[in-house]
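All letters in the sequence shown, in the order written, are residues 239 to 606 by the numbering used here. Here a beta-carbon is modelled for each residue, glycine too, at the ideal position from N, C-alpha and C. Report on the following structure.
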Amino acid sequence: MADEDFADDAQLQAAIDASTRDSVASKTANASPAQAPQGPPKVQQPKPQALPSRSGPHSILVSPRQKGNPILNSIRAMPWEYSDIPADYVLGTTTCALFLSLKYHRLHPEYIYSRIRQLAGKYNLRIILTMVDITNHEESLKELSKTSVINNVTIILCWSAQEAGRYLELFKTYEHAAPTSIRAHQSTSFADKLVEFITVPRSINKTDAVGLVSNFGSIRTAVNARPEEVALVAGWGEKKVQRWCNTVREPFRIRKAAKQDSPDPRVAARLGVGAPIRLSDGMSTTTTQAENSVGPDAERRPETRVAEDAPLYEPGEDEEAAMLEMESASATRKSPPAPAPTSGKRKAPDDEPSEGVAAALAKLRQQG
């Protein structure tokens with residue numbers, strides 16, 4: 239076929255050479271723009287990047303003042319090291335702690351105030367880790383509570399070295415924790431809120447809540463159900479039924495709070511609280527209120543009067559006899575004594591006027 243297409247080898251070679259030249263020319267044409275000379279490269283400015291936040295040391299910093307404190311032996315979950323710091327413990331870049339023993343505070347009450355003054359507001363969260371090692375600690379804690387409010391410090395009480403060490407470890411562990419880690423979980427769906435409401439009483443779990451709603455259909459029906467009906471639900475025993483019924487029927491106010499609000503009986507007796515009101519006091523109070531009330535019907539006779547509603551007093555037989563004796567005795571004292579009888583022969587000396595009166599009468603007659 240090659241001999242038929244091409245007359246001789248010379249023509250074949252010429253065709254090959256022509257195709258080779260065409261391919262080389264095309265490659266050279268394509269590569270020529272890329273090999274064109276370029277100017278100097280442009281200077282690219284770096285983009286600004288936010289620097290990472292400054293992180294504090296990974297260990298708890300302890301002041302040399304705390305050497306020999308048994309709390310250091312209780313810090314095992316976190317490393318700690320001595321450092322020259324104004325506080326006793328540094329638990330982060332913005333958190334510090336001062337250690338205070340109430341026994342030492344009773345002997346040297348000015349110590350804690352000088353230590354708070356030395357901090358000079360360097361930390362946002364300033365903790366006073368207080369060791370309660372005395373029995374009568376009420377007055378000391380009351381004083382420290384006032385100090386915490388004035389100086390913006392937080393008081394944390396502990397009763398053992400292990401508890402105090404655990405507090406320090408937790409503060410260091412949650413140094414960079416988000417607030418969502420300690421925020422309570424809030425239900426969003428209606429079903430979750432329903433189960434959360436029913437499981438408020440003790441010993442009622444989620445399975446019991448689902449069974450209660452599935453049997454009664456709604457919370458209102460379950461709340462208004464009788465104890466006998468609630469007992470028919472699977473898994474609801476006598477104690478659960480009693481707690482559920484007491485929870486949904488008792489008032490919202492706690493009984494202990496109601497008892498605390500009631501006054502002391504001795505104080506109530508001294509102030510007259512709960513004493514029976516006398517009828518005269520009630521009548522005067524009602525009359526005063528009626529006089530003070532001003533309205534279009536102020537002159538109209540009221541429908542009921544206190545005097546009409548008051549019960550009539552009916553004395554007994556003994557009281558009537560005593561009242562009669564008292565009336566007779568008073569009448570006897572008021573009546574004048576009877577005049578003594580006089581004889582007709584003897585003339586009363588009062589019938590004759592005196593000499594002065596007679597002289598005055600005679601003088602008036604002469605003038606008239």
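DSSP, reduced to helix, strand and coil, places V471 outside both helices and strands of the structure shown, so it counts as coil. In the three-state scheme derived from DSSP, where H, G and I count as helix and E and B as strand, A335 is classed as strand. It is roughly 58 Å from the alpha-carbon of E319 to the alpha-carbon of I457. It is roughly 7 Å from the alpha-carbon of R404 to the alpha-carbon of I313. Judged by their CB atoms, N362 and T333 are nearer to each other than the 9 Å cut-off. For T368, the uninterrupted beta strand (DSSP E) run begins and ends at L363 to M369, by DSSP. Rounded to the nearest angstrom, the gap between the Cα atoms of L345 and V461 is 59 Å. DSSP places Y412 in the coil class of the three-state scheme, outside both helix and strand. Beta-carbon to beta-carbon, S378 and I393 are separated by about 11 Å, too far to satisfy the 8 Å threshold.
Within 10 angstroms of the beta-carbon of K444 lie fewer than 16 other beta-carbons, which makes it exposed. K410 counts as buried, since no fewer than 16 other beta carbons sit within 10 angstroms of its beta carbon. Here A335 is buried, its C-beta having at least 16 other C-beta atoms within 10 Å.
Straight through space, the alpha carbons of N453 and I436 are spaced by roughly 14 Å. Just so you know, the alpha carbons of L310 and A358 end up roughly 26 Å apart. Boundaries of the alpha helix (DSSP H) harbouring I436: F428 to I436, taken from the DSSP string.
Within a 10 Å sphere around the beta-carbon of D326 sit 16 or more other beta-carbons, which makes this residue buried. In the three-state DSSP reduction, E319 falls in the strand class (E or B). Taking a C-beta distance under 9 Å as the contact criterion, L329 and E401 do not qualify as a contact pair.
For the pair I420 and L395, the Cα-to-Cα distance works out to about 20 Å.
Around the beta carbon of S441, fewer than 16 other beta carbons lie within 10 angstroms, which makes this residue exposed.
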